[in-house]
Every structure is written in structure tokens, then in C-alpha cells.
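Residue numbers are given in my numbering: position 359 of the sequence shown equals residue 1736, and the series is strictly consecutive. We put the CB at the ideal spot given by N, CA and C, even for glycine. Here's the structure, in C-alpha cells; my notes come after.
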Amino acid sequence: MTKKSSSASTNTASSSTVASAKGSSFVLLNDSALDTLGLNKVNKTEQFTTVFKMVDETSDKNDRDTLFVYLFTLVSEEKNEAKQTQNYESVISKIQSLKDFTLQDVFKQLVSAFNIITNGNLKAKLFIHIIQQMQQHEDLSTSLNILPIAENIDSALNEWGISAKKDKQTIYLELANLCIKLSKINEAFDLLIKNLKSNNEANEKQQLINLYIKYPLEKSAEELKEFEPELFDGVLTYLESESEQVPEVLNQKLSQYEKNESVIASFLSELKILRFLVACSTKLLTTKKDIELKYSDIEKLAPNAEVEPFICELMGRNLIECKMNQLDQSVYVQSVKCRGAVHKCDWKNLESLVNVWTSKLSSVLTSLNSPVNPHQFKSEATRQQ
1378 MTKKSSSAST NTASSSTVAS AKGSSFVLLN DSALDTLGLN KVNKTEQFTT
1428 VFKMVDETSD KNDRDTLFVY LFTLVSEEKN EAKQTQNYES VISKIQSLKD
1478 FTLQDVFKQL VSAFNIITNG NLKAKLFIHI IQQMQQHEDL STSLNILPIA
1528 ENIDSALNEW GISAKKDKQT IYLELANLCI KLSKINEAFD LLIKNLKSNN
1578 EANEKQQLIN LYIKYPLEKS AEELKEFEPE LFDGVLTYLE SESEQVPEVL
1628 NQKLSQYEKN ESVIASFLSE LKILRFLVAC STKLLTTKKD IELKYSDIEK
1678 LAPNAEVEPF ICELMGRNLI ECKMNQLDQS VYVQSVKCRG AVHKCDWKNL
1728 ESLVNVWTSK LSSVLTSLNS PVNPHQFKSE ATRQQ
């Protein structure tokens, strides 16, 4: 943990000793530091009690930082699980009760504690607390770069020693909610999917589907089909259909999950855009080159038949890459970037590509592992000359 240097001294009193130390003088908890604090000859329980009292006896935040490092280290080293939990909760309570601590000060201590604590159960509690604080307070929502953790959450949980199923599920949900707050919608989908695969409960399925209804362009219905086959089959049928009519099964399933008519109308409007993007993606895969669309092909999709603002909006949302030719009233689509437009053809193409790469890499590996024939090498070198 990196601490700010401080020239201020801390006047701390134990039952028999008055010690004075700089803010970082005992952060490493070595014998000299313990001597400085008058704690070298007392057991860990007495050390915890004494240092806990010291927090109230100093007003210097840098010194308090060091004292809290010491306290959380003692918490981490406590072998008795019940006592460890009790001490942990006492320190957290103390941090939150300090009147001169700002919201940022409290948050900093929580993060510091997370880096010190080694017990998986306590780490889970702390991480959930940190994430909830980031959700609740706008000032804290970007205090940590949470995206790398969200993208590699299972590796992180394993590294932190968090193995309890309930803790994992709570973390998936809380982190998903934070990702939604930060507009990291794809990551939120992935976390909700992880949670559903570990605990397929109706209310959690509802959360995933509500997110899809709000952001249908952010995740492929193909990826979500296993969680609500009828709904997502209805979506896929509509996306691949020539008909403008929304399948009845889709309307029925939507009404089960969403009662607000304006939300449903917005979803269906986005679904029309998605259908257009899927059609473009399919043509791009088939032709292997840019596709040309006339303004007249797009007018019925564009609000008030205004094609150019509509295409500019799609480009601004990073859904499509294209060029417009105003003279011949054409749009030349180069690529579709929308995640929701990924469908079976894309997965099959990707699978074929991976198989080709695997085959070529296997061939290279075989060549690398083969013994070199000096005569063959010499004759090949001569031939190339």
C-alpha cells in the first residue's frame, strides 16, 4: 500500500507507554515499529485493543492510515474466525464513525483494507461493500477502474480466495449493476449470464431480460436464447424475417416481462434498427465486399424518412461503418459493429477461421518439433541461392 509521507508526529498512549512516531514509521510492523508503539511485548489481542484506542487519540489522517493498516493486518492474522469477523466489523464501524472522515476517506480505507485482508469471506464482504458504495455515490463511481475486474471476474475471485457460491452470485449482481451505472452494458450482460448459469432463478432471469429489452443492440439474442427460448427465438425469427410483422409469440413474452408500453415501443423500434443491421451484416458476409444501399431502401426505417440524419446517428452510436454519396443517394456499408447483430453465420465463420488457424499452427508446431536433417537443409539453401 502506498502512503503519503508525513512530517507530523502522532502522540499515542497505551496503558503504560506514551509513544511518538511519524506517520509511516510503523507501517511494516517490524520489531522496531512495535517498540515505537510500546507493543513488542504484548499479544495480538492486546495489540489490537491498544491500536484501536490509538485511532481516537490522534487527529492526523496519515497516522490514522497507518493505524488502520496495522489493525487490518491484525484482523488478517487472527486465526479464530468468529473473533476475526468481530474485529473486522469493529474496524469498519470505527472508520465509518469518524466525523472528520469524508466519503473519500472512508472509501480509501475500504480499498486499503481489501488489499490487506487475506480471508476470502471477508474479502467478499469488503468487495461487495466497495461496489455498493460506488453504485450509491456519484463521486465514487469512477474511483476505481472496475472494467478489468469485470472482464476477468472469475480469475479475480479465484485469486482473492472467494469460493462461496452465494458470495460469487452477489458479486456478479452488484458488479453488473455498477457496470450498468457506468454504461458498460456488454460487461453487465456477461456478469448476469455468469450469475444465471450458477443460479437460474426467475427474478434473476427477469433482470437479464429487462436489460435486453432496454439494450437489444448490445447483446446477441443467440447468446441469450438458452435463458428464455421462446422470447429470444421470437426475436431471432423477427430479425431474419422479411415481414415487418412482429411475431405474436414475441409480443406475448414481452408482455410477461415488461408492462410499460413506452418501454416496449422503444424496444421494438430498436429491434427494427437491429433487423436492418443484421441484414447488412448478412450481405457483407455473403458478398465479402462493401454493400450499396439506396436511400429509398432505408427511408421506411428512418424517422420522418430522413435517411442522412438516421445513418449519421447509427455511425455516432458506433453501430455501423459506412460512406454516404449524396449525389446518387446511396449508402456504402463497410462493416457492422453492433454486438446485437452477431448471429449464427458469424459464429460459423469464426469457427471456420479458428479451425484454419489451428490447422496451420499444428503444421508449424510439427515442423518446429521435427529434427533438422543437415544434408536436406544444405541442399535447400543451395537451391534457394
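How big is the Cα-Cα spacing for residue i and residue j?
i	j	result
residue 1637	residue 1590	11 Å
residue 1498	residue 1635	37 Å
residue 1583	residue 1669	40 Å
residue 1465	residue 1524	28 Å
residue 1436	residue 1422	24 Å
residue 1628	residue 1467	53 Å
residue 1529	residue 1568	10 Å
residue 1424	residue 1446	13 Å
residue 1545	residue 1695	33 Å
residue 1612	residue 1663	22 Å
residue 1543	residue 1576	9 Å
residue 1539	residue 1533	9 Å
residue 1531	residue 1500	14 Å
residue 1521	residue 1463	28 Å
residue 1559	residue 1496	29 Å
residue 1692	residue 1619	24 Å
residue 1420	residue 1469	22 Å
residue 1747	residue 1719	41 Å
residue 1644	residue 1697	19 Å
residue 1688	residue 1626	31 Å
residue 1473	residue 1485	11 Å
residue 1727	residue 1457	At residue 1727 the pLDDT is 48, less than 50, meaning the model places this residue with poor confidence; the figure from the coordinates comes in the next sentence. Between residue 1727 and residue 1457, the C-alpha separation is close to 52 Å.
residue 1631	residue 1646	14 Å
residue 1557	residue 1743	47 Å
residue 1779	residue 1735	For the chain, the structure presents residues 1378 to 1762; residue 1779 sits outside this window and is missing.
residue 1428	residue 1471	12 Å
residue 1659	residue 1536	42 Å
residue 1378	residue 1477	Note that residue 1378 scores a pLDDT of 36, beneath 50, so its modelled location is shaky; the value from the coordinates is reported in the next line. Distance between the alpha carbons of residue 1378 and residue 1477 is about 22 Å.
residue 1703	residue 1642	31 Å
residue 1599	residue 1623	18 Å
residue 1426	residue 1514	32 Å
Which residues share a DSSP beta bridge with residue i?
i	result
residue 1702	1707
residue 1444	For residue 1444, which the question treats as bridged, DSSP gives no partner whatsoever.
residue 1763	Since the displayed the chain opens at 1378 and closes at 1762, residue 1763 lies outside it and no answer follows.
residue 1697	1713
How about residue i and residue j: are their beta carbons less than 8 Å apart?
i	j	result
residue 1438	residue 1482	yes
residue 1607	residue 1562	no
residue 1708	residue 1675	yes
residue 1550	residue 1511	no
residue 1444	residue 1452	no
residue 1480	residue 1516	yes
residue 1648	residue 1713	no
residue 1318	residue 1609	The requested residue 1318 does not occur in the structure, where the chain is confined to residues 1378 to 1762.
residue 1553	residue 1541	no
residue 1493	residue 1450	yes
residue 1475	residue 1490	no
residue 1507	residue 1487	yes
residue 1581	residue 1587	no
residue 1699	residue 1654	no
residue 1683	residue 1701	no
residue 1706	residue 1671	yes
residue 1711	residue 1667	yes
Classify residue i as buried or exposed, calling it buried when 16 or more other Cβ atoms lie within 10 Å of its own Cβ.
i	result
residue 1745	exposed
residue 1603	exposed
residue 1717	buried
residue 1657	buried
residue 1461	buried
residue 1597	buried
residue 1527	buried
residue 1605	buried
residue 1593	buried
residue 1442	buried
residue 1741	exposed
residue 1621	exposed
residue 1455	buried
residue 1738	exposed
In chain order, which beta strand (DSSP E) runs of at least 3 residues are fully inside the region 1523-1559? Listed in chain order, nothing qualifies, since the region 1523-1559 has no complete beta strand (DSSP E) run of 3 or more residues.
Just list the beta strand (DSSP E) runs in the region 1621-1692, keeping only unbroken ones of 3 residues or longer that don't cross its boundaries, in chain order. Listed in chain order, they are 1668-1671.
Let me know the alpha helix (DSSP H) ranges lying completely inside the region 1444-1512, each 4 residues or longer, listed in chain order. Within the region 1444-1512, the complete alpha helix (DSSP H) runs of at least 4 residues are 1458-1474 and 1480-1493.
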